[in-house]
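S.K.: Just so you know, our numbering puts 100 at position 65 of the sequence shown, and the rest follows in order with no gaps.
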Amino acid sequence: MNDKIPEKIEDKLFSIKYKTDAHCHLRPDQSKCLQCLEKTCTIICPANVYCYNETEKKLVVSYEKCLECGACRIACKHIQWEYPKSGKGVQFKKG
Ligand code: SF4
36 MNDKIPEKIE DKLFSIKYKT DAHCHLRPDQ SKCLQCLEKT CTIICPANVY
86 CYNETEKKLV VSYEKCLECG ACRIACKHIQ WEYPKSGKGV QFKKG
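#1: Which residue's Cα is closest to the Cα of H60: I114, F49, K128, K93?
#2: Pick from F49, K54, S50, I44: whose alpha carbon is nearest that of E99?
#3: Tell me the rounded alpha-carbon separation between A57 and A82.
#4: Out of curiosity, what's the CA-to-CA distance linking S97 and C76?
#5: My output table needs one value for C68: the three-state DSSP class, helix, strand or coil.
#6: With DSSP collapsed to three states, give me the class of C76.
#7: Which class does Y118 belong to by DSSP, given the choice of helix, strand or coil?
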């Protein structure tokens with residue numbers, strides 16, 4: 036096994052850079068989140084962008100660390116999804 040290849044996803048995410056857009060490109064319909072039992076977005080996102088705050092009954096979206104993979108867009112039809120403005124968002128080193 037190659038020691039230089041990170042094993043955990045957190046180690047892989049550490050090598051990624053972001054140019055944060057002031058505009059949030061992920062907009063869930065919070066009224067639907069309240070009714071949703073599965074909260075699939077909190078499970079499916081590899082970057083842990085979504086976190087449901089039980090106290091405030093609100094989905095917290097840390098869009099700044101989004102990988103733009105589109106998984107949440109497929110998993111939930113109540114998330115309005117668009118790419119960040121040109122030049123903003125995730126910056127992959129090797130791709
Ligand atoms: Fe997470 Fe991918 Fe959705 Fe970004 S596009 S929030 S990385 S699931």
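The beta carbon of each residue, even a glycine, is placed where N, CA and C say it ideally should be.
M.R.: Let me spell this out:
#1: The residue given as residue 60 occupies position 25 in the sequence shown. Residue I114 is the option with its Cα nearest to H60.
#2: Along the sequence shown, one-based indexing puts residue 99 at 64. Among F49, K54, S50, I44, the Cα nearest to that of E99 belongs to K54.
#3: Here residue 57 refers to the residue found at position 22 of the sequence shown. Here residue 82 refers to the residue found at position 47 of the sequence shown. Distance between the alpha carbons of A57 and A82: 19 angstroms.
#4: By one-based count along the sequence shown, residue 97 stands at place 62. By one-based count along the sequence shown, residue 76 stands at place 41. Taking the straight line joining both Cα atoms gives about 12 angstroms.
#5: Numbered from its first residue, the sequence shown carries residue 68 at position 33. C68 falls in the helix class under three-state DSSP.
#6: Working through the sequence shown from its first residue, we reach residue 76 at position 41. If DSSP states are grouped into helix, strand and coil, C76 belongs with the helices.
#7: As a working note, residue 118 is residue 83 in the sequence shown. Of the three classes helix, strand and coil, the one that applies to Y118 here is coil, per DSSP.
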